[in-house]
Amino acid sequence: MADRPYGAESPVVIEQPYQYRRRELAEPDWTRFPGWTGVTEADWASAQWQRVHCVKNVKQLRALMGDRLHESFYEDLEADIAHSATMSMLLPPQMLNTMVPAVEETAPGSWTDAFYADPVRRYMLPVASDRHAEWPSHPFAARDSLHEHDMWAVEGLTHRYPTKVLAELLSTCPQYCGHCTRMDLVGNSTPTVDKRRLALKPVDRQTAILQYLETHPGVRDVVVSGGDVANLPWRQLESFLERLLEVETIRDIRLATKALMGLPQHWLQEEIVDGMGRIAKTAAERGVNLAIHTHVNHVNSVTPAVARAAAAMLDAGVRDVRNQGVLMRGVNDTQADLLDLCFALQGEANILPYYFYMCDMIPNAEHWRTSVAQAQDLQTAIMGYLPGYATPRIICDVPMVGKRWVHQLSEYDRELGISYWTKNYRTSIEADDPDALTRRYPFYDPIDTLPKAGQAWWANMHAPHAAKEAGNAAAVRSRQAAARQDAAAEVG
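In UniProt numbering, the protein residues as written are 1 to 492.
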């Protein structure tokens, strides 16, 4: 009998913690929603139709859902809007259609359980019962948790890093995420949050930003954001980008838009595609890297329309389309969640998985936030499956420090949930701070994730100011211990 070729034996199935299976993209059938039974493919493909039919309030959600949700869900939603929501409701049909994509039941109330459990719903349409009852906010939570407004060089321009700036051209988006880190500025005011407002006219704000960049040659990288650049009229955005490309020291431009996923129809419009082609051509001629950063948090949101929008931008000449997701409990906080999403992005939509940020310490976000320890475990869990260039880094954006890979901390008290971080540059508001580069900066885990002793420690701090004082005291003790260790090392 002839020998079998080497390797021709039946393959041995090796059990792995994660088993990759290709998942081809599919657009969920929007006509399963009672309010969209008559919507045509032409309607759905229209950016204008999508914007006009965004769901902005409970009344519109009822009209869309018919009787598929129990009344208790709407009561839960209304309670959250009244008492907890930091962002107003704004959901394009494209985004809503990725919630409960496989549901088939039509009986009254039959979607309720699935809707509650849906990962996209959990962060785009939060309800009161989602929030943590005892610790809805961390005692150190802040509206502008990253101090972006404090670091405005001119209105809307955050100069946080030595060579990079964030240009907030506007304060609106086509969709509002419940966990938005810029909840202090972006969107309409809510019953619990009176939003900060941009004061300058858009053209004056853009001119001030460009003048600052022209006089600060150390800045080479500009993230053009908001809000979402998809809400800026194209002629205004193109004009700003043309002027930005004239600043000789700018070498990287990144456009931030969740709408590539939430409203891909916008980026497929002929005016937008042609205009991006003109901008990309100019960028290439001047040696500037032009990229788009989008924000996808769950695999169900990666659909053929999203893939087409990414392809249109790449075909127009954009160098990369990258994803910056947010790590959230109940949304994408398992190995399978992250790898399913990353394989769909990289393999099916040609969107590069780039970052997953830990959810920031904004008010009423504790039910979303993960501990640093869990983030570290997840970073380890996703290694080795994706191509190296497409393996995202999980990032802790530490107040007054900036982005840090989750394994970069210098010290970690797991019982109290306090991690300490250092940095190697000064922010724009620390020019005269002699300790900026030696100080250890604290970051706090969600209290409900701590061991019982840690939870009890925080619970004994009955008022936020007491907790803050205790946290500061813990940070001082940590720095003193580190100083003693450094002194001992020098003596040795």
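Built from N, CA and C at the ideal position, the CB exists for glycine as well.
Q. Whose C-beta lies closer than 7 angstroms to the C-beta of Ala280 among residues of the same chain, with five residues either side of it excluded?
A. Leu290, Ala316, Gly317 and Val318
Q.
Please classify Ala349 as buried or exposed, where buried requires at least 16 neighbouring CB atoms within 10 angstroms.
A. buried
Q. Which first and last residues belong to the alpha helix (DSSP H) in which Val58 is found?
A. Val58 to Met65
Q: With DSSP as the reference, label Met95 as helix, strand or coil.
A: helix
Q. Alpha carbon to alpha carbon, how far is Ala344 from Trp457?
A. Near 42 angstroms, if we compare the C-alpha coordinates of Trp457 and Ala344.
(Q) Quick check: Val326 and Met361, are their CB atoms within less than 9 angstroms of each other? (A) no
Q. Val401 to Thr31, Cα distance in whole Å?
A. 47 angstroms
Q | Nearest-angstrom beta carbon gap, Ala114 and Val103 [assumed within contact, 8 angstroms] | A | 5 angstroms
Q: Would you mind reading off the limits of the alpha helix (DSSP H) that contains Phe115?
A: Secondary structure note for Phe115: its alpha helix (DSSP H) is the uninterrupted segment Thr112 to Ala117.
(Q) Given a cut-off of 9 angstroms on the beta-carbon distance, is the pair Ile351 and Ala375 in contact? (A) Contact: no.
(Q) Suppose contacts are defined by Cβ-Cβ distances below 9 angstroms. Is Ala259 in contact with Ala305 by that definition? (A) Between Ala259 and Ala305, the CB-CB gap reaches or exceeds 9 angstroms.
Q) With distances taken between CB atoms, is the gap from Ile292 to Ala256 smaller than 9 angstroms? A) yes
Q) Thinking C-beta only, is Leu263 closer than 9 angstroms to Gln335? A) no
Q. From Ala385 to Gln16, what does the alpha carbon distance come to, in whole angstroms?
A. The sequence shown places Tyr at residue 385, not Ala. Going by the C-alpha atoms only, they are around 11 angstroms apart.
Q. Using a Cβ-Cβ cut-off of 6 angstroms (strictly less than) and excluding sequence neighbours within five positions of Tyr412, which residues of its own chain qualify?
A. The beta carbon of Tyr412 sits closer than 6 angstroms to those of Ser419, all from its chain and outside the five residues before and after it, given in chain order.
Q | Whole-angstrom C-beta distance between Leu91 and Met124, which should lie under 8 angstroms | A | Correct: roughly 6 angstroms between the Cβ atoms.
Q. With DSSP run on the structure shown, which of helix, strand or coil describes Leu157?
A. strand
Q. Touch check for the segment 156-176 and the segment 81-97: three-plus C-beta pairs under 8 angstroms?
A. yes
Q) When burial is assigned at 16 or more other CB atoms within 10 Å of the CB, is Val13 buried or exposed? A) Exposed.
Q | Local conformation of Gln346 per DSSP, three classes | A | helix
Q.
Can you list, in chain order, the residues of its chain with a C-beta nearer than 7 angstroms to that of Arg243? Leave out the 5 residues immediately preceding and following it.
A. Leu210
Q: Can you have a look at Lys423 and say buried or exposed, based on whether 16 or more other CB atoms are within 10 angstroms of its CB?
A: Counting of Cβ neighbours within 10 angstroms places Lys423 among the buried residues, the total reaching 16 or more.
Q: Classify Val401 as helix, strand or coil using the three-state DSSP reduction.
A: coil
Q | For Arg322, the three-state DSSP class (helix, strand or coil) | A | strand
Q: Leaving aside the five residues before and after Ala63 along the sequence, list all residues of the same chain whose C-beta is less than 6 angstroms from its C-beta, in chain order.
A: Gly35
Q: Can you say whether Val52 is buried or exposed, counting buried as having 16 or more other CB atoms within 10 angstroms of its CB?
A: Result: exposed.
Q: Along the alpha helix (DSSP H) that carries Ser72, what are the first and last residues, could you check?
A: Glu71 to His83
Q) Cβ atoms of Pro392 and Asn332: under 9 angstroms apart, would you say? A) If you check the CB distance, Asn332 and Pro392 do not come in under 9 angstroms.
Q. So what does Ser419 bridge to, in DSSP terms?
A. Under the DSSP definition of a beta bridge, Ser419 partners with Tyr412 and Phe443.
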